[in-house]
Structure formats: structure tokens, C-alpha cells
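J.: Supplied in C-alpha cells, the structure appears directly below.
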Amino acid sequence: CSRQFPISLYFATT
Amino acid sequence: MLELRLVQGSLLKKVLESIKELVNDANFDCSSTGFSLQAMDSSHVALVALLLRSEGFEHYRCDRNLSMGMNLNNMAKMLKCAGNDDIITIKADDGSDTVTFMFESPTQDKISDFEMKLMDIDSEHLGIPEAEYDAIVRMPSAEFARICKDLSSIGDTVVISVTKEGVKFSTKGDIGAANIVCRQNTTVDKPDDATVIEMKEPVSLQFALRYTNFFTKATPLSSTVTISLSNELPVVVEYKIAEMGYVRFYLAPKIEE
Chain C
9 CSRQFPISLY FATT
Chain A
13 MLELRLVQGS LLKKVLESIK ELVNDANFDC SSTGFSLQAM DSSHVALVAL
63 LLRSEGFEHY RCDRNLSMGM NLNNMAKMLK CAGNDDIITI KADDGSDTVT
113 FMFESPTQDK ISDFEMKLMD IDSEHLGIPE AEYDAIVRMP SAEFARICKD
163 LSSIGDTVVI SVTKEGVKFS TKGDIGAANI VCRQNTTVDK PDDATVIEMK
213 EPVSLQFALR YTNFFTKATP LSSTVTISLS NELPVVVEYK IAEMGYVRFY
263 LAPKIEE
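Printed below as a string of C-alpha cells:
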């Protein structure tokens, strides 16, 4: 089973 | 006051067609650098970054930085009313709650203006660092679109693996499995038909085909696509916009548990 993480996990909010 | 005149108006039409299904509402940012947008899809799995550099416009006036919230579906509806050969001018006054799109036919015998209501959009802006990628694949955009479409009839996800042998796209589903390998091929008549693979480290990442299929809506913008991959990082799928900038799609990988 694979899980989808949100893109905001990888890029910080500016 | 903002006034941006784009002689090749079809580019803006194609840009909207490429992102309107992925993103509903977005802020277009206008500065001396250019006309840009950054937006996430509604499930926050993918991100679109668009840049149309100011130098690419025939006339570019942007007195102060401006952020205009637009519903992309409505914007696409308006831009569909422009002819493919039309010149498109985007106009807005400071503090106005509308934006005007003006379309001029090449012979100047038909001039239309469409006024669209702006909206307040509260959106997060993410900082995307310049990264060195483990592998970069450049291939014909139509080929990539074909692969994503074909694989999505078999499975829901694609594993993209880059090795010395080439780039492999694999899927599995209820009816079976599929693997498509594209080898580096630079002995082609036209450079845009080449498949070029730059690899520092082998990479293997899994993505939802639902999203890669959204990205391929940008195929009319560019004859080539660049796919940049690093293990455990979002993939970047980039379509260059002739002389002007790019549309980049970022997609978070699916992680095995």
C-alpha cells in the first residue's frame, strides 16, 4: 500500500 | 495600472487550457519580472508554477506589484473567445476588482474586450528551492502524454525509474501490468524528437497517473517536456513556453508503507 503526502510537506511556506 | 500586450495570444490560451482542470482559483502575480502564478490543486498534492517573463510581451507596464485572484475556469472561458492569431492585452487599474482582456485580430478589424470579476483568494505561497536532481529526462511531450494515457488504462499509478539503460514507466492494475522503456536517443532528424537522459543516481519514484495526465494538458505549449527526479522528492514536469518562460508542475511521490 502506498501513501500520498501533500506537496507542502516538501516545500516551506514563504 | 497594468497593461500587458502579448502578440502571440494563443500562448495564454494554451496556458489556461493546461492548468484549469488542475487548479480552480489562483492569484496571478504581476511584477517587473513578469506575469506569474503559483497554485496548488484542491487536494494539495500537486503544485503549478507559471512564469511569463516581461521581455516576452510586446508591451509590459506594471507600475506596482499586483496580485489578481482569478477563477481559472472563467478566465479560460473568456480566453476561448480570442482567436488563435489574436493579440491579447491584459489590463487592470490599481484597486480595481476587475481585469479586462482585450483581443485584437491580426488585421485590426475586430477588437473585443472582456471584463472579468476578480476574487479574493487566500493562498499559501511555497518556497521552491533550486535543486540538483538525481536524474533529468528530456523527451518529446507527445510521447510522454501518450505513455501517461496508455498506462492509465491499466493502472492508477506509474513508477518512473531512471537507470543507465533508460527511463522506464511501469504500472500494475487488476487486468495486468505494463512497462514502457524509453532509451536515450539523440540520433534523430529533429532535436525535439530526442530522448536525453542525464543521470547522477538511479531513481525510482511512484506517482498518481491522475495528476500526470493533468500535466500533459500542457503538451500543446511545447514539443518537449523535461522530467526532473530525485529520490523521495517531488517530480518536476516542465513545459517551456517559447522564449517566454515555463509551466512547471510539481507532484509529491507516493511512498510505500
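Chains C and A, in that order, give the protein sequences.
Read in order, the letters of the first sequence correspond to residues 9 to 22 in my numbering.
Read in order, the letters of the second sequence correspond to residues 13 to 269 in my numbering.
In this text, a Cβ means the ideal position worked out from N, Cα and C, and glycines have one as well.
What you are looking at is a predicted structure, and each value in this text was computed from that prediction instead of being measured.
Any beta carbon of chain C sitting closer than 9 Å to that of LYS103 (chain A)?
T.: Within the second sequence, numbered from 1, the residue matching residue 103 (chain A) stands at position 91. It does not; no Cβ of chain C falls within 9 Å.
J.: Taking VAL259 (chain A) as the query, report the chain C residues whose CB atoms sit under 9 Å from its CB, ordered along the chain.
T.: As a position in the second sequence, residue 259 (chain A) is number 247, starting the count at 1. Going along chain C, no residue has its Cβ under 9 Å from VAL259 (chain A), so there is no contact; the nearest lies around 16 Å.
J.: Going by DSSP, which residues form a beta bridge with ARG158 (chain A)?
T.: Here residue 158 (chain A) corresponds to residue number 146 of the second sequence, with the count starting at 1. None, per the DSSP bridge assignment.
J.: Looking at VAL215 (chain A) and VAL170 (chain A), is the spacing between their C-beta atoms short of 9 Å?
T.: Residue numbering aside, residue 170 (chain A) sits at position 158 when the second sequence is read from its first letter. Residue numbering aside, residue 215 (chain A) sits at position 203 when the second sequence is read from its first letter. Their beta carbons are not under 9 Å apart, which means VAL170 (chain A) does not touch VAL215 (chain A) by this criterion.
J.: With contact counted as at least three CB pairs below 8 Å, one residue from each stretch, are the stretch 129 to 144 of chain A and the stretch 195 to 206 of chain A in contact?
T.: Too few Cβ pairs lie closer than 8 Å, so no.
J.: Can you round the beta-carbon distance between SER8 (chain A) and LYS252 (chain A) to whole angstroms, since I take them to be within the 8 Å contact cut?
T.: This structure does not reach residue 8 (chain A), given that chain A is present from 13 up to 269, and the question cannot be answered.
J.: Are any of the Cβ atoms in chain C nearer than 9 Å to that of LEU62 (chain A)?
T.: Stepping through the second sequence from its first residue, residue 62 (chain A) is reached at position 50. Chain C contact via Cβ: absent.
J.: Have a look at VAL249 (chain A) and THR112 (chain A) and give me their C-alpha separation to the nearest angstrom.
T.: Numbered from 1 along the second sequence, position 237 holds the residue referred to as residue 249 (chain A). Numbered from 1 along the second sequence, position 100 holds the residue referred to as residue 112 (chain A). Cα to Cα, the separation comes out at about 31 Å.
J.: Give a single yes or no on whether PHE115 (chain A) has its beta carbon closer than 8 Å to a heavy atom of the ligand SAM.
T.: What this structure holds is no ligand at all, so the ligand SAM is not there to describe.
J.: Of all the alpha helix (DSSP H) runs that stay within the bounds of the stretch 103 to 164 of chain A, which reach a length of 4 or more residues?
T.: Counting whole runs of 4 or more residues, the stretch 103 to 164 of chain A contains the alpha helix (DSSP H) stretches 153 to 164.
J.: By the three-class DSSP mapping on this structure, what secondary structure does GLU15 (chain A) have?
T.: For the purposes of this step, residue 15 (chain A) is identified with residue 3 of the second sequence, where counting begins at 1. Three-state DSSP puts GLU15 (chain A) in a strand.
J.: Please identify, using Cβ separations under 8 Å, the residues of the stretch 123 to 145 of chain A that lie next to chain C, in order along the chain.
T.: Those would be GLU136, HIS137, LEU138, GLY139, ILE140 and PRO141, in chain order.
J.: Can you give the Cα-Cα distance for THR21 (chain C) and SER135 (chain A), rounded to whole angstroms?
T.: As a working mapping, residue 21 (chain C) is identified with position 13 in the first sequence. As a working mapping, residue 135 (chain A) is identified with position 123 in the second sequence. Taking the straight line joining both Cα atoms gives about 10 Å.
J.: Pull up the DSSP beta-bridge partners for GLY257 (chain A), would you.
T.: Numbered from its first residue, the second sequence carries residue 257 (chain A) at position 245. A:LEU64 and A:ILE253, per the DSSP bridge assignment.
J.: Between which two residues does the alpha helix (DSSP H) harbouring ILE187 (chain A) extend?
T.: Along the second sequence, read from residue 1 onward, the residue named residue 187 (chain A) stands at position 175. Counting along the chain, ILE187 (chain A) falls outside any alpha helix (DSSP H), and DSSP gives it neither H nor E.
J.: So, does the CB of ILE172 (chain A) fall closer than 9 Å to a CB anywhere in chain D?
T.: Note that chain D does not occur in the displayed structure, where the protein chains are C and A.
J.: Let me know if ASP97 (chain A) comes out buried or exposed under the rule of 16 or more other beta-carbons within 10 Å of its beta-carbon.
T.: As a first step, residue 97 (chain A) is located in the second sequence; it is residue number 85 there, counting from the start. So ASP97 (chain A) counts as exposed.
J.: Counting only the same chain and skipping the five closest in sequence on each side, list residues whose C-beta sits under 8 Å from that of ARG222 (chain A).
T.: For the purposes of this step, residue 222 (chain A) is taken as residue 210 along the second sequence, with counting starting at 1. Cβ neighbours of ARG222 (chain A) beyond the five flanking positions: SER164 and ASP168.
J.: If you measure between the beta carbons of ILE148 (chain A) and THR238 (chain A), is that distance less than 9 Å?
T.: Sequence index remark: in the second sequence, residue 148 (chain A) carries index 136 (1-based). Sequence index remark: in the second sequence, residue 238 (chain A) carries index 226 (1-based). Their beta carbons are under 9 Å apart, which means ILE148 (chain A) touches THR238 (chain A) by this criterion.
J.: Please specify which runs of the beta strand (DSSP E), each continuous and at least 3 residues long, are wholly inside the stretch 19 to 53 of chain A, giving them in chain order.
T.: Segments of the beta strand (DSSP E) lying fully in the stretch 19 to 53 of chain A: 37 to 42 and 46 to 52.
J.: Quick one: is VAL57 (chain A) near chain C, going by C-beta distance under 9 Å?
T.: Reading the second sequence from its first residue, position 45 is the one you call residue 57 (chain A). So, interface residue.
J.: How big is the Cα-Cα spacing for VAL208 (chain A) and PHE181 (chain A)?
T.: Taking the first residue of the second sequence as 1, we reach residue 208 (chain A) at position 196. Taking the first residue of the second sequence as 1, we reach residue 181 (chain A) at position 169. Whole-angstrom Cα-Cα distance: 15 Å.
J.: Which partner residues of PHE239 (chain A) appear in the DSSP bridge assignment?
T.: Walking along the second sequence from the start, residue 239 (chain A) turns up at place 227. Per the sequence shown, the amino acid found at residue 239 (chain A) is Ile instead of Phe. According to DSSP, ILE239 (chain A) bridges with A:VAL149 and A:VAL249.
J.: From the DSSP output, read off the bridge partner residues of SER10 (chain C).
T.: The residue labelled residue 10 (chain C) in the question sits at position 2 within the first sequence. Note: SER10 (chain C) sits in a beta bridge opposite A:GLU268.
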